[in-house]
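Peer 1: Okay, so the sequence shown: first residue is 51 according to the working numbering, each after it adds one. Even glycine gets a Cβ: it sits at the ideal position worked out from N, Cα and C.
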Amino acid sequence: MTKTTLFLLISFCVLFFLTIYATANDKPSSYEEIYPEIGYKTVEDALGEFEQHFKQKLKLPLRIPPISFSHHFGRFSDLDDSFEVKFINEKLSENHYKINVRPITNEIHKSEKYAVKTFELKNGIVATYMTISGFNVLVFERDDWQYMLNIDKRVSDKVTPETLLDLANSIDY
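1) For Glu170, which three-state DSSP category applies?
2) I'd like the span of the alpha helix (DSSP H) that includes Pro211, first residue to last.
3) Mind checking whether Asp216 and Lys109 have CB atoms under 9 Å apart?
4) Going by DSSP in three states, Lys203 sits in which element: helix, strand or coil?
5) Just to confirm my understanding: we take Glu170, look at its own chain, exclude 5 residues before and 5 after, and list those with CB closer than 7 Å. What are they?
6) Could you tell me the distance, in whole angstroms, from the CA atom of Val35 to the CA atom of Leu199?
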């Protein structure tokens, strides 16, 4: 065997074992690392940005769904003037709840084909319950904002439309 062939063989083996070692020891990034990379921050910081942008306070539901969450993040986007709160569970991916808020002037229009039922909130506002892309969603408008409470469909046995209605009603504090 020539020196060149021997060198290439040894180099290939070293590279192969380093790749296997690196892959075996490669740990997935934590949510604390991933979410800030895509614009999320603490709910308080994102809410502060939203309120400063619009120069008014935003009321959020006081209650959350009766399922466990390991993390919560917030994000404000001045591109579409939206605010999002995301509750997730790193061990139970189905435990996923989002609150989206945007000005009524920039609302997402409710499509009749997704609407399942309407409810009346305790303040008289009509809310529409819809199913969209793996989520059950309660949409309503109040104080010049459109609210969307989104829950993963996989927990619909624990978080019913009535539960989302209770969450929406918890804004009145």
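Peer 2: This is what the structure holds:
1) Annotated three-state conformation of Glu170 is strand, per DSSP.
2) Here the alpha helix (DSSP H) through Pro211 covers 211-219.
3) For Asp216 and Lys109, no; Cβs fall outside 9 Å.
4) It is helical.
5) Within the same chain, Glu170 has close Cβ partners Val176.
6) The question about residue 35 has no answer here: the residues shown for the chain are numbered 51 through 223.
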